[in-house]
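Trainee: Let me begin by handing over the structure; questions about it come next.
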Amino acid sequence: MSTLDHEIDAVNQLSFVADAYPYKDNQTIVVVLKAPLRKNLPPDRSILTFQITNFTVAAVLAAYEHEVVAFLADTLRIAETLLSQTTNQRVIHLIPLCMN
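Residue numbers (this note's numbering): 1337 to 1436.
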């Protein structure tokens, strides 16, 4: 078994990976995320691609952290900000009623 085969096998064992395989040009590795993640991500973030020369478990973990975890964290921050803004506006409108 080649080093690349070992790396692909190790990546396939990661909890968030559905499949990892060489693409048709044999210079690219495609890593497909598991369905629950894929459904909630934009298409450009649900599949990770790597050049064979840069493909390692560490590279997949770093890309997952950068592309998926950071995206979800940013989305959560935006949602929290929007929610807090609408909540503040509602409370401000109710303050005069509470003061009477």
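A virtual CB, placed ideally from N, CA and C, is assigned to each residue, including glycine.
Can you tell me whether residue 1378 is helix, strand or coil according to DSSP?
Mentor: Coil.
Trainee: Starting from residue 1364, trace the beta strand (DSSP E) both ways and give me its first and last residue.
Mentor: Here the beta strand (DSSP E) through residue 1364 covers 1364-1369.
Trainee: In angstroms with no decimal places, state the Cα-to-Cα distance between residue 1351 and residue 1361.
Mentor: Each residue's alpha carbon lies about 27 Å from the other.
Trainee: Is residue 1384 closer than 8 Å to residue 1399 when the C-beta atoms are compared?
Mentor: Yes, the pair counts as a contact, with Cβ atoms nearer than the cut-off.
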